[in-house]
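Asker: Chains as they are written, first to last, in the numbering used here: chain C, 333 to 588; chain P, 333 to 588; chain B, 333 to 588; chain X, 333 to 588. Every residue, glycine too, gets a C-beta built ideally from N, C-alpha and C. What you are looking at is a predicted structure, and each value in this text was computed from that prediction instead of being measured.
There are 4 protein chains.
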Amino acid sequence: MKDTEINILEEIELNNPIFIEALPGIGHVGKLAADHIIDELDATKFAELYSYHFPPQVFVDEDGLVENMVNEFYYLKSQGEDNKDYIILVGNSQALSPEGQYQLSGEILDFVEKFGVKEMYTLGGLATGHPIEESRVFGAATDIEIIETLKELNIEIRSADGGIVGASGLLLGLGKLRNIKGACLMGETPGYFIDAEAAEAILDKLAIILNIEINTDKLDERAEETRKMISKAQKMEQEMMNKTLGSGEDDLRYIG
Amino acid sequence: MKDTEINILEEIELNNPIFIEALPGIGHVGKLAADHIIDELDATKFAELYSYHFPPQVFVDEDGLVENMVNEFYYLKSQGEDNKDYIILVGNSQALSPEGQYQLSGEILDFVEKFGVKEMYTLGGLATGHPIEESRVFGAATDIEIIETLKELNIEIRSADGGIVGASGLLLGLGKLRNIKGACLMGETPGYFIDAEAAEAILDKLAIILNIEINTDKLDERAEETRKMISKAQKMEQEMMNKTLGSGEDDLRYIG
Amino acid sequence: MKDTEINILEEIELNNPIFIEALPGIGHVGKLAADHIIDELDATKFAELYSYHFPPQVFVDEDGLVENMVNEFYYLKSQGEDNKDYIILVGNSQALSPEGQYQLSGEILDFVEKFGVKEMYTLGGLATGHPIEESRVFGAATDIEIIETLKELNIEIRSADGGIVGASGLLLGLGKLRNIKGACLMGETPGYFIDAEAAEAILDKLAIILNIEINTDKLDERAEETRKMISKAQKMEQEMMNKTLGSGEDDLRYIG
Amino acid sequence: MKDTEINILEEIELNNPIFIEALPGIGHVGKLAADHIIDELDATKFAELYSYHFPPQVFVDEDGLVENMVNEFYYLKSQGEDNKDYIILVGNSQALSPEGQYQLSGEILDFVEKFGVKEMYTLGGLATGHPIEESRVFGAATDIEIIETLKELNIEIRSADGGIVGASGLLLGLGKLRNIKGACLMGETPGYFIDAEAAEAILDKLAIILNIEINTDKLDERAEETRKMISKAQKMEQEMMNKTLGSGEDDLRYIG
Numbered sequence: 333m334k335d336t337e338i339n340i341l342e343e344i345e346l347n348n349p350i351f352i353e354a355l356p357g358i359g360h361v362g363k364l365a366a367d368h369i370i371d372e373l374d375a376t377k378f379a380e381l382y383s384y385h386f387p388p389q390v391f392v393d394e395d396g397l398v399e400n401m402v403n404e405f406y407y408l409k410s411q412g413e414d415n416k417d418y419i420i421l422v423g424n425s426q427a428l429s430p431e432g433q434y435q436l437s438g439e440i441l442d443f444v445e446k447f448g449v450k451e452m453y454t455l456g457g458l459a460t461g462h463p464i465e466e467s468r469v470f471g472a473a474t475d476i477e478i479i480e481t482l483k484e485l486n487i488e489i490r491s492a493d494g495g496i497v498g499a500s501g502l503l504l505g506l507g508k509l510r511n512i513k514g515a516c517l518m519g520e521t522p523g524y525f526i527d528a529e530a531a532e533a534i535l536d537k538l539a540i541i542l543n544i545e546i547n548t549d550k551l552d553e554r555a556e557e558t559r560k561m562i563s564k565a566q567k568m569e570q571e572m573m574n575k576t577l578g579s580g581e582d583d584l585r586y587i588g
Numbered sequence: 333m334k335d336t337e338i339n340i341l342e343e344i345e346l347n348n349p350i351f352i353e354a355l356p357g358i359g360h361v362g363k364l365a366a367d368h369i370i371d372e373l374d375a376t377k378f379a380e381l382y383s384y385h386f387p388p389q390v391f392v393d394e395d396g397l398v399e400n401m402v403n404e405f406y407y408l409k410s411q412g413e414d415n416k417d418y419i420i421l422v423g424n425s426q427a428l429s430p431e432g433q434y435q436l437s438g439e440i441l442d443f444v445e446k447f448g449v450k451e452m453y454t455l456g457g458l459a460t461g462h463p464i465e466e467s468r469v470f471g472a473a474t475d476i477e478i479i480e481t482l483k484e485l486n487i488e489i490r491s492a493d494g495g496i497v498g499a500s501g502l503l504l505g506l507g508k509l510r511n512i513k514g515a516c517l518m519g520e521t522p523g524y525f526i527d528a529e530a531a532e533a534i535l536d537k538l539a540i541i542l543n544i545e546i547n548t549d550k551l552d553e554r555a556e557e558t559r560k561m562i563s564k565a566q567k568m569e570q571e572m573m574n575k576t577l578g579s580g581e582d583d584l585r586y587i588g
Numbered sequence: 333m334k335d336t337e338i339n340i341l342e343e344i345e346l347n348n349p350i351f352i353e354a355l356p357g358i359g360h361v362g363k364l365a366a367d368h369i370i371d372e373l374d375a376t377k378f379a380e381l382y383s384y385h386f387p388p389q390v391f392v393d394e395d396g397l398v399e400n401m402v403n404e405f406y407y408l409k410s411q412g413e414d415n416k417d418y419i420i421l422v423g424n425s426q427a428l429s430p431e432g433q434y435q436l437s438g439e440i441l442d443f444v445e446k447f448g449v450k451e452m453y454t455l456g457g458l459a460t461g462h463p464i465e466e467s468r469v470f471g472a473a474t475d476i477e478i479i480e481t482l483k484e485l486n487i488e489i490r491s492a493d494g495g496i497v498g499a500s501g502l503l504l505g506l507g508k509l510r511n512i513k514g515a516c517l518m519g520e521t522p523g524y525f526i527d528a529e530a531a532e533a534i535l536d537k538l539a540i541i542l543n544i545e546i547n548t549d550k551l552d553e554r555a556e557e558t559r560k561m562i563s564k565a566q567k568m569e570q571e572m573m574n575k576t577l578g579s580g581e582d583d584l585r586y587i588g
Numbered sequence: 333m334k335d336t337e338i339n340i341l342e343e344i345e346l347n348n349p350i351f352i353e354a355l356p357g358i359g360h361v362g363k364l365a366a367d368h369i370i371d372e373l374d375a376t377k378f379a380e381l382y383s384y385h386f387p388p389q390v391f392v393d394e395d396g397l398v399e400n401m402v403n404e405f406y407y408l409k410s411q412g413e414d415n416k417d418y419i420i421l422v423g424n425s426q427a428l429s430p431e432g433q434y435q436l437s438g439e440i441l442d443f444v445e446k447f448g449v450k451e452m453y454t455l456g457g458l459a460t461g462h463p464i465e466e467s468r469v470f471g472a473a474t475d476i477e478i479i480e481t482l483k484e485l486n487i488e489i490r491s492a493d494g495g496i497v498g499a500s501g502l503l504l505g506l507g508k509l510r511n512i513k514g515a516c517l518m519g520e521t522p523g524y525f526i527d528a529e530a531a532e533a534i535l536d537k538l539a540i541i542l543n544i545e546i547n548t549d550k551l552d553e554r555a556e557e558t559r560k561m562i563s564k565a566q567k568m569e570q571e572m573m574n575k576t577l578g579s580g581e582d583d584l585r586y587i588g
């Protein structure tokens with residue numbers, strides 16, 4: 333196995349697909365939204381990405397089966413009124429190291445570019461740290477035309493007092509260097525629980541931008557599942573940090 | 333020397349051996365169990381793995397001789413009622429970095445696959461952080477058939493609220509991608525002392541799964557030896573962390 | 333994309349240009365000074381450097397547009413009484429890892445050496461941690477002749493109780509190994525605000541050394557802009573550190 | 333420049349030289365001892381090692397001149413009653429990362445092996461953390477014969493409750509894999525000051541082992557110089573750690 337490997341499960345052809353990314357991040361808002369699209373629109377998994385840059389661990393599922401750290405590519409064909417194709421990237425982890433983050437974002441862009449991707453949306457959360465009455469959606473983009481579109485949809489423009497850390501930011505930035513246009517949509521969230529409302533706010537805006545319909549009735553149910561997954565992921569990450577930073581007796585607690 | 337190097341001590345042929353891994357981890361439960369198997373069944377060391385990903389240090393043994401950080405491969409032939417061959421991996425350290433963990437697990441799988449390994453068991457501990465009346469054994473596996481077997485042996489199935497960090501998890505996960513089936517057996521342990529009982533609990537289950545006999549009478553004695561080794565290992569790891577994170581005057585205390 | 337990539341925007345020829353470096357650092361004194369030179373003398377950007385060693389993030393500008401982490405090369409031709417050419421390196425980030433710092437400094441020197449650079453000045457700040465009446469300029473150099481010149485200009489010589497961490501130090505040190513002569517000029521600054529006076533102190537000395545005129549009237553205005561940019565950069569860096577070191581619930585706050 | 337580069341200053345031939353290593357470490361005991369040998373016996377520098385694995389910084393000397401992080405190889409010919417040749421390795425830094433430590437130790441061994449090195453002594457300190465009446469010397473070795481020799485010289489054998497972190501340990505361990513025999517001599521030191529007595533204790537033992545004479549009269553004077561150098565080194569290391577771990581406003585204090 334190379335450092336990073338993409339296993340193709342199904343050979344497909346797509347027509348300039350739109351690329352949607354939502355790897356685990358703040359409040360898992362993006363992941364929740366993307367998992368919902370995959371489920372509602374019945375997307376098909378066609379490739380899996382494994383990497384040495386992921387956390388060195390496995391998850392265990394409800395049945396006791398081990399799950400590798402993985403990013404998964406799904407596709408959708410001829411969706412919505414515009415008959416557009418889509419590639420959706422979800423997964424259970426992001427790269428741990430800065431170099432790994434760049435490396436993986438580069439590999440992911442190399443892969444989706446082969447299908448003719450010219451447009452991308454990355455989905456994430458924006459943590460406020462305090463309760464929110466109604467979740468707003470914030471946006472940033474590679475092009476001023478897209479910014480105008482976001483404004484027309486009452487998406488708040490993420491201003492110069494912040495940035496975007498991790499895959500949602502890097503894919504957009506590195507994509508810009510390859511002339512892939514796109515935006516990052518961030519659902520405002522307190523950040524300390526799995527926020528179905530923030531995900532719904534993103535999905536509502538995304539549906540308009542993409543001119544597709546996404547039923548969000550089952551989103552709450554999905555949020556509950558995600559809550560379980562995340563509780564596990566955080567526990568693992570905690571153990572990982574302990575391992576990296578820990579010492580002496582604490583050491584006894586964290587390697588499986 | 334390359335980043336990772338495996339020195340062959342004896343050229344051997346094995347018949348689809350079962351692979352058992354038990355590198356240092358929680359409560360050194362797995363290591364204690366595997367060292368005991370090697371001793372009791374008189375396994376033969378046939379290869380040593382050295383790696384730049386190990387902690388940059390040497391141990392010093394009772395005689396004042398330096399010991400490199402190393403993983404060691406032992407073999408056993410025609411064991412138990414099924415006349416099975418075995419490869420057992422033990423050692424005094426695991427890779428420090430996440431990338432190193434993946435790298436080493438990959439190299440180890442490449443190596444054992446050449447001998448025809450199709451089945452593996454990784455041994456570890458599961459820390460409770462509090463005293464235990466009787467050490468239970470927890471399990472996770474790559475296949476639902478193995479899960480069923482574990483359940484029949486009253487092994488608790490590790491459920492979705494956790495995962496497995498380090499070599500015991502990664503070897504199983506990456507092995508699954510190569511169609512090597514297997515399970516991780518984790519002995520419940522308070523985690524803050526070298527737990528011969530947790531190791532015995534694992535050995536009892538493993539003996540049934542593998543259909544071999546393992547006398548555990550001398551396990552307590554071995555636990556005492558391991559205690560000494562671990563005390564040293566922890567001290568080193570502590571020094572390492574200090575070196576990595578330390579500064580200024582503290583600096584004077586930790587580089588040899 | 334390779335680990336580090338330099339995109340040429342304009343093919344130029346320069347006559348043994350003097351190389352000036354001022355990447356983000358202490359009090360952003362150097363960056364402020366170099367940005368001011370670029371603005372006042374109307375330097376032209378001719379190359380951009382992108383690297384996997386930068387923080388894995390994007391900034392968002394006033395309009396909501398994403399900005400990649402980048403180092404930028406500008407040139408100036410026939411400046412001052414000596415009709416000298418210049419290459420000026422500025423940017424929004426430095427490499428995160430030690431190896432990345434060396435790697436980038438090496439790539440940068442490879443690049444500027446092709447234009448015939450034999451002389452370099454790296455600009456930075458020296459933090460006192462307390463208020464300063466009048467900002468002094470400290471210097472260190474590759475050659476005793478340059479040290480003499482600095483002394484004649486009332487630049488304090490940085491003595492043996494300190495060193496220079498990061499690009500300003502490494503470029504000078506690695507440059508010395510390639511027979512590029514040079515000095516590092518450090519403006520004394522309290523360190524806890526964007527210090528236009530420290531930048532002005534550096535610019536005054538640099539103007540004399542280089543025999544060019546640099547009007548510093550608009551420096552305060554520029555300091556204000558830099559203040560905004562830095563506030564953003566620090567916030568991102570904070571988020572990055574949290575991500576690297578954080579765990580559990582905190583985790584929810586920082587990945588976009 | 334490659335990751336690690338050795339610049340040859342003088343082409344020499346040596347006759348199975350004995351290799352002595354003393355890079356900065358605990359109480360700089362080893363470095364002080366080795367610098368003293370170089371000075372007293374008038375050793376000649378013949379090679380310099382530069383590496384991306386060193387801290388990304390430069391030191392500044394008394395004159396304001398920048399000094400790269402470097403390891404330096406010296407040689408001595410036909411010393412003592414046995415007419416032995418020597419290679420002595422000193423320097424101002426060790427690799428920062430674990431992988432870097434292994435990488436550099438490997439490169440160093442590759443280099444000295446070309447001269448026919450079959451025997452090595454690594455010099456270091458052993459910190460007690462409390463005042464010492466008379467500094468003992470502790471030893472560890474690759475061979476039981478050497479252990480016997482050390483015992484005859486009243487060198488305490490470092491027992492199984494410890495190990496040796498960093499270059500002094502790794503060179504010995506990796507050397508052992510290449511059939512280079514050797515020992516590590518560690519001078520007992522409180523650890524919180526530059527300990528000329530610990531260095532003298534090591535030199536006394538080493539002189540007997542090597543059958544050479546080393547006048548230690550000027551050792552105190554040298555200790556004073558080393559004290560200055562170390563104070564600087566520690567300050568830099570502190571700044572480095574701050575840079576790596578720091579955030580936000582603190583950030584302003586540490587990059588040059």
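What residues from chain B crowd round Asp-549 (chain X), counting only those whose CB sits closer than 9 Å?
Answerer: Near Asp-549 (chain X) there are no residues of chain B at all, since even the closest Cβ is about 25 Å away, more than 9 Å.
Asker: Determine the chain B residues that contact Asn-400 (chain X) at a beta-carbon separation under 8 Å, and present them in chain order.
Answerer: Gly-505, Leu-506, Lys-508 and Leu-509
Asker: Going by the beta-carbon positions, is the gap between Phe-378 (chain B) and Ile-344 (chain B) smaller than 7 Å?
Answerer: yes
Asker: In this structure, does DSSP put Tyr-434 (chain P) in helix, strand or coil?
Answerer: helix
Asker: How is Ser-500 (chain C) classed by DSSP in three states: helix, strand or coil?
Answerer: helix
Asker: In angstroms, rounded to a whole number, what distance separates the CA positions of Glu-439 (chain C) and Gly-412 (chain C)?
Answerer: Here the C-alpha atom of Glu-439 (chain C) lies approximately 29 Å from the C-alpha atom of Gly-412 (chain C).
Asker: Assuming Leu-408 (chain X) and Leu-503 (chain X) are in contact, meaning their beta carbons sit under 8 Å apart, how far apart are those beta carbons, in whole angstroms?
Answerer: About 19 Å separates the two Cβ atoms, so there is no contact after all.
Asker: Report buried or exposed for Arg-510 (chain C), applying the criterion of at least 16 other Cβ atoms within 10 angstroms of its Cβ.
Answerer: exposed
Asker: According to DSSP, what are the bridge partners of Ile-338 (chain P)?
Answerer: P:Leu-381
Asker: Whole angstroms are fine: how far does the CA of Ala-515 (chain P) sit from the CA of Glu-557 (chain P)?
Answerer: Spanning the two alpha carbons is a distance of roughly 27 Å.
Asker: Whole angstroms are fine: how far does the CA of Ser-500 (chain P) sit from the CA of Gly-362 (chain P)?
Answerer: 9 Å
Asker: Alpha carbons only, please: which of C:Gly-457, C:Glu-394 and C:Tyr-453 is nearest the one belonging to Ile-479 (chain C)?
Answerer: C:Tyr-453
Asker: Rounding to the nearest angstrom, what Cα-Cα distance links Ile-358 (chain C) and Ala-459 (chain C) in this structure?
Answerer: Cα-Cα distance, rounded: 7 Å.
Asker: Apart from the five residues on each side of it in sequence, which residues of its chain come closer than 6 Å, Cβ to Cβ, to Leu-373 (chain P)?
Answerer: Leu-408
Asker: I want to see whether chain C comes within less than 7 Å of Gly-396 (chain B), judged by CB atoms only; does it?
Answerer: yes
Asker: Taking Asn-424 (chain B) as the reference, give the member of B:Asn-415, B:Val-392, B:Tyr-418 and B:Lys-416 with the closest Cα.
Answerer: If we check each option's Cα against that of Asn-424 (chain B), B:Val-392 comes out closest.
Asker: So is Leu-421 (chain X) in contact with chain P if we call contact Cβ pairs under 7 Å?
Answerer: no
Asker: For the putative contact between Ala-473 (chain P) and Leu-397 (chain C), defined by C-beta atoms under 8 Å, what is the C-beta separation to the nearest angstrom?
Answerer: 7 Å
Asker: Please state the DSSP three-state secondary structure of Lys-446 (chain P).
Answerer: coil
Asker: By DSSP's criteria, Gln-389 (chain P) is part of a beta bridge. Which residues make up the other side?
Answerer: X:Val-497
Asker: Quick check on Thr-474 (chain C) - is its C-beta less than 7 Å from some C-beta in chain B?
Answerer: Yes, Thr-474 (chain C) counts as interfacial toward chain B.
Asker: Give the single residue among B:Phe-405, B:Asp-414 and B:Glu-451 whose Cα lies nearest to the Cα of Leu-381 (chain B).
Answerer: Leu-381 (chain B) has its Cα closest to that of B:Phe-405, out of B:Phe-405, B:Asp-414 and B:Glu-451.
Asker: Quick one: list the residues of chain P neighbouring Arg-490 (chain X), beta-carbon separation under 7 Å, in chain order.
Answerer: Val-392 and Gly-396
Asker: May I ask you to list, following chain order, the residues of the segment 431-449 of chain P that have a beta carbon less than 7 Å from some beta carbon of chain C?
Answerer: Glu-431, Gln-433, Tyr-434, Gln-435 and Gly-438
Asker: Is there a C-beta anywhere in chain C that falls below 7 Å from the one on Pro-388 (chain B)?
Answerer: Closer than 7 Å to the CB of Pro-388 (chain B) there is at least one CB belonging to chain C.
Asker: Measuring only between beta-carbons, confirm whether Gly-519 (chain P) sits less than 7 Å from chain C.
Answerer: no
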